Amino acid sequence: MINYEEELKKFTPSLDVDEAEGAIYSRDLTDVIDILQEMLRETSGGRKD
Amino acid sequence: MKCMNCGAELNDSAYCPKCGCDVSVQKQAIVLSGLYYNQGLEKAQVRDLSGAIDMLRRSLKFNKLNVPARNLLGLVYFEMGEVVAALSEWVISKNIQPENNIAAEYIENLQQDANRLDIINQTIKKYNIALENCHKGNEDVAMIQLKKILAQNPKLIKGYHLLSLLYIRQGEYEKARKQLRKAIRIDKTNTTTLRFLKEIDEQTGTSTSFEPRFSIWSSRDNDGNRDENAASDASAKPAQPAFRETTAGSTIFNIAIGLLIGALAVWFLIMPARTQRITQEADRKTSEYSSRAAEADTRITELSAQMKISEETVNTANTQIETATAKTTAYESLIKAVNAYNNGDLDLASNALSSVDVSKLTTEGKAIYDDLVEKANGELLRGYKTEGISAYEEEDYQTAIECLEAAKAIDSSDYEVLSYLAHSYRMTGDTANADINFQLIINTYPDTVRADNARVYMSEEALAAAENGGGNQTENAGDGENDEEPTEGEGSGDGEDNYEEDNEEDYEG
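So this is what it looks like as structure tokens:
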């Protein structure tokens, strides 16, 4: 049985075009390769130390 | 492909030719990104947009520089009405690869069609207002707004979901199903759409069909798809003959089959509908007549109650009239008696008094009545007694009996009246009546000279019966002639000796 109140909470306001710029800047674009690079940097930094 | 450590161009080796870094994981990530892109593309091609988004996001998680995956993700977002999300992906894509990027064309197309972009932007703002109205409880307003939004932006899948949710809340499941059918044409595997449809199927007890209602028209519209599908299905299905020869017999047989199917369709589809319509009409008329009959019954009951009240009123009035009439009659008789008495007509006065209903008189009327009765009866008694005695002395015994009986009717305890009456009967030879009156004297004046004298004149039979039966004879005699019981009169003692002597002389003489 669908609970109207609970279902309504799942609906979130959509961003309009004016808010697109902020949405782009706030995007998290981290991917697996970024994580690998970070791990590599940390590994090489540890070796230097 | 470039090394993630030094940026040098990589070859088939698992290590970077320049820095010697192990790039096998990087290469696997890029391969996986491409694999997910392919899966996303396949899903997008069959309009499994939710599945496509899932795959393309995974692809970008492995390689954010996968421009085709990002462009396709933006396109899928745009198809679902998420213009801002689509623009975001395309802008990022353009930044990653400024040249030879189709995302630039997408952005340019949108910017060129400013009117369309503005409409889409307005619909997004209105959607947000409608959502706010839902939260405030203004569902009716939200529904109107959502209908307008979806008319302007028919790809806004969230709008279909929200409108369906409102319909479900109001119990209008078929309308909700209709909206969700539109949503599922855009995205076939959207979990929200499928969840709402499952709820509707459970509530209505009928499963939602996703097949087009008019397959002929839809097949015409989807000719291109059908051709493609036909090509793909060709290997699975057996080849159909391109030409089939028919004979006259088979044509007639087919026509007969067609007629039979038509007749069966009429019988099973049209006739039940007609029967149902007639039944509904009959039910409606029955209900109408029933309500009319109920109204008539109610009216009859009301009128019966009014009639009963009227009858009671009439009865009360009649009773009052009868009472008043009886009172009037009683007073008229009383007045008549008073007038007759004043005029000296004692007979008329007596008759009038006898017709007076004493119970209808007031206390004052009763006093007048009693006074008049006393006066009139006294004078009448005296008149009858005088006349009777005179007639007796003149030996007119019949007249004497009449007058003395009248006097006895007024006062049955008067000794003079009883004595003369008894002797009058005795003189006429009516021994029975004479004995009755003598016995009355004995009972009225027991143990007196009057009683002894009466016994002297009584017949032997009556005397014997009186002695044997006690008072029986007296009672019988009284019942037969007079209902009055023998009483002792107030003035009986006063004149006892005078009358006794007179009578004795007369009787002996």
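So the sequences go chain by chain: W and G.
Using our numbering, the letters of the first sequence correspond one by one to residues 21 to 69.
Using our numbering, the letters of the second sequence correspond one by one to residues 557 to 1065.
From the three backbone atoms N, C-alpha and C, an ideal C-beta is built for every residue, glycine too.
Since the model is a prediction, treat every value here as computed from it, not as a measurement.
Chain-ordered chain W contacts of residue i [CB-CB under 7 angstroms]
i         : result
Arg603(G) : Residues of chain W passing the Cβ test: none, with the nearest at roughly 21 angstroms.
Cys697(G) : A small correction: the amino acid at residue 697(G) is Val; Cys does not occupy that position in the sequence shown. Ordered by position in chain W, no residue passes the 7 angstroms Cβ test against Val697(G), which lies about 15 angstroms from the chain.
Leu616(G) : Asp51
Leu718(G) : Phe31
Leu673(G) : Val37
CA-to-CA distance, residue j to residue i, given in whole angstroms
i          : j          : result
Asp1035(G) : Asn993(G)  : Its pLDDT being 39, under 50, Asp1035(G) is placed unreliably by the model, and the measurement read from it follows with that caveat. Spanning the two alpha carbons is a distance of roughly 12 angstroms.
Tyr716(G)  : Asp743(G)  : 11 angstroms
Glu951(G)  : Asp926(G)  : 36 angstroms
Leu591(G)  : Phe618(G)  : 10 angstroms
Gly805(G)  : Leu825(G)  : 29 angstroms
Glu39(W)   : Leu631(G)  : 19 angstroms
Arg982(G)  : Ala1020(G) : 18 angstroms
Thr32(W)   : Thr762(G)  : 31 angstroms
Thr63(W)   : Ala686(G)  : 52 angstroms
Ile813(G)  : Val822(G)  : 14 angstroms
Leu902(G)  : Ser911(G)  : 14 angstroms
Glu695(G)  : Ser589(G)  : 44 angstroms
Lys30(W)   : Arg603(G)  : 23 angstroms
Thr1000(G) : Glu878(G)  : 43 angstroms
Thr835(G)  : Tyr845(G)  : 15 angstroms
Leu928(G)  : Leu909(G)  : 8 angstroms
Arg1011(G) : Glu935(G)  : 31 angstroms
Asp967(G)  : Thr872(G)  : 42 angstroms
Ser843(G)  : Ala850(G)  : 10 angstroms
Tyr24(W)   : Gln601(G)  : 33 angstroms
Asn907(G)  : Glu949(G)  : 29 angstroms
Glu635(G)  : Leu60(W)   : 39 angstroms
Glu645(G)  : Glu598(G)  : 19 angstroms
Thr803(G)  : Gly818(G)  : 22 angstroms
Ile22(W)   : Gln832(G)  : 35 angstroms
Glu961(G)  : Glu943(G)  : 11 angstroms
Gly637(G)  : Gly693(G)  : 25 angstroms
Residue i vs residue j beta-carbon contact at 8 angstroms
i          : j         : result
Val647(G)  : Ile663(G) : yes
Ser980(G)  : Ala956(G) : yes
Leu974(G)  : Ile997(G) : yes
Gly596(G)  : Leu643(G) : no
Ala978(G)  : Cys959(G) : no
Lys883(G)  : Lys916(G) : yes
Lys931(G)  : Glu972(G) : no
Ala896(G)  : Leu890(G) : no
Leu28(W)   : His691(G) : yes
Val579(G)  : Leu566(G) : yes
Ile713(G)  : Ala739(G) : yes
Asp1066(G) : Ala880(G) : Given a span of 557 to 1065 for chain G in the structure shown, any question on residue 1066(G) remains unanswerable.
Tyr729(G)  : Ile700(G) : no
Leu753(G)  : Thr745(G) : no
Cys575(G)  : Asn561(G) : yes
Val37(W)   : Leu673(G) : yes
Val623(G)  : Ser34(W)  : no
Met1014(G) : Asp986(G) : no
Within chain G, partners of residue i - CB distance below 7 angstroms
i        : result
Glu27(W) : Leu721
Expected contact under 8 angstroms - CB spacing of residue i and residue j to nearest Å
i         : j         : result
Asp54(W)  : Leu616(G) : With 8 angstroms as the limit, Asp54(W) and Leu616(G) do not qualify as a contact, their Cβ atoms being about 12 angstroms apart.
Gln759(G) : Leu56(W)  : No, Gln759(G) and Leu56(W) are not in contact; Cβ-Cβ is about 50 angstroms, not under 8 angstroms.
Leu666(G) : Ala698(G) : That pair is no contact at about 28 angstroms.
Ala625(G) : Leu605(G) : Between Leu605(G) and Ala625(G) the Cβ distance is about 14 angstroms, and since that is not below 8 angstroms, they are no contact.
Thr749(G) : Leu736(G) : 5 angstroms
Ala564(G) : Cys572(G) : 6 angstroms
Residue-chain proximity (residue i, chain C), Cβ-Cβ < 8 angstroms
i         : result
Asn619(G) : Of the chains in the structure shown, none is chain C; the protein chains are W and G.
Partners in chain W for residue i, counting only beta-carbon separations shorter than 9 angstroms
i         : result
Ile648(G) : Ile44, Arg47 and Leu49
Ser846(G) : Going along chain W, no residue has its Cβ under 9 angstroms from Ser846(G), so there is no contact; the nearest lies around 39 angstroms.
Glu755(G) : Met21 and Ile22
Lys704(G) : Going along chain W, no residue has its Cβ under 9 angstroms from Lys704(G), so there is no contact; the nearest lies around 16 angstroms.
Contact set between residue i and chain W, taken where Cβ atoms lie within less than 8 angstroms
i         : result
Val640(G) : Ser34, Leu35, Asp36, Val37, Glu39, Ala40 and Ala43
Ser644(G) : Ala40, Ala43, Ile44 and Arg47
Lys714(G) : Phe31 and Ser34
- Message: Can you pull out the residues from the segment 723-747 of chain G whose beta carbon lies closer than 7 angstroms to at least one beta carbon of chain W?
- Response: Ile724 and Arg725
- Query: Which residues, in order along the segment 678-693 of chain G, keep a beta-carbon less than 7 angstroms from a beta-carbon of chain W?
  - Reply: Ile680, Lys681, Tyr683, Asn684, Leu687, Cys690 and His691
- Could you list the residues in the segment 34-59 of chain W with a C-beta less than 8 angstroms from some C-beta on chain G, going in chain order? Ser34, Leu35, Asp36, Val37, Asp38, Glu39, Ala40, Ala43, Ile44, Arg47, Leu49, Thr50, Asp51, Val52, Ile53, Asp54, Leu56 and Gln57
- Query: What residues in the segment 558-579 of chain G bring their beta carbon closer than 8 angstroms to a beta carbon of chain W?
  - Reply: Met560, Asn561 and Cys577
- Query: According to a CB-to-CB cut-off of less than 7 angstroms, which residues of the segment 581-596 of chain G neighbour chain W?
  - Reply: Val581, Gln582 and Ala585
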